[in-house]
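Here the structure comes first, spelled out in structure tokens, and everything after it is commentary.
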Amino acid sequence: MDIWWTLHLKRDPASVPLARRILLGAMATAGVDPQIAHDLGVALSEACANAVEHGACGRPDDGFQVTASISGDRLRIEVTDSGPGLPAPAAPLVRR
Numbered sequence: 004m005d006i007w008w009t010l011h012l013k014r015d016p017a018s019v020p021l022a023r024r025i026l027l028g029a030m031a032t033a034g035v036d037p038q039i040a041h042d043l044g045v046a047l048s049e050a051c052a053n054a055v056e057h058g059a060c061g062r063p064d065d066g067f068q069v070t071a072s073i074s075g076d077r078l079r080i081e082v083t084d085s086g087p088g089l090p091a092p093a094a095p096l097v098r099r
């Protein structure tokens with residue numbers, strides 16, 4: 004069974020457990036091992052909490068998006084927001 008969904012959520016702390024509950028339900032329906040489902044639920048919660056806290060790019064009304072797909076033994080979860088992202092890594096130091 005393949006499952007795919009996308010949520011468009013408010014940047015509000017209440018959105019975090021909502022996203023997690025929906026993911027856990029989808030994983031239970033797909034027969035994902037409960038311990039793996041728990042660990043992925045925690046990871047999703049952390050990513051969503053980060054989007055709520057840092058993802059506004061100066062606009063408090065910006066939301067964020069969660070997309071998940073389950074196909075066979077593969078699960079893909081994406082959390083996107085309008086935040087600035089991480090800074091580019093510094094160039095490696097070259098010693099001469």
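In my numbering, the protein residues as written are 4 to 99. Glycine is no exception: its CB is placed at the ideal position from the N, C-alpha and C atoms. Since the model is a prediction, treat every value here as computed from it, not as a measurement.
Is it buried or exposed for residue i, if we count other Cβ within 10 angstroms and need 16 for buried?
{"i": "Ile-39", "result": "exposed"}
{"i": "Val-69", "result": "buried"}
{"i": "Val-55", "result": "buried"}
{"i": "Arg-77", "result": "exposed"}
{"i": "Arg-99", "result": "exposed"}
If residue i and residue j are in contact, beta carbons under 8 Å, what's the gap, nearest whole angstrom?
{"i": "Cys-51", "j": "Val-19", "result": "4 Å"}
{"i": "Ser-48", "j": "Arg-23", "result": "5 Å"}
Compare the beta carbon distance of residue i and residue j with 8 Å and say whether it is the shorter of the two.
{"i": "Leu-26", "j": "Ala-59", "result": "no"}
{"i": "Trp-8", "j": "Ala-29", "result": "yes"}
{"i": "Gly-66", "j": "Lys-13", "result": "yes"}
{"i": "Gly-86", "j": "His-57", "result": "yes"}
Cα-Cα, which of the options is closest to residue i?
{"i": "His-11", "options": "Thr-83, Pro-90, Ala-93, Arg-99", "result": "Thr-83"}
{"i": "Asp-5", "options": "Ile-73, Gly-86, Glu-81, Pro-95", "result": "Ile-73"}
Exercise for the section: Give, in chain order, every unbroken run of the beta strand (DSSP E) that is at least 3 residues long and sits entirely within the segment 17-85. Expected result: 67-74, 77-83
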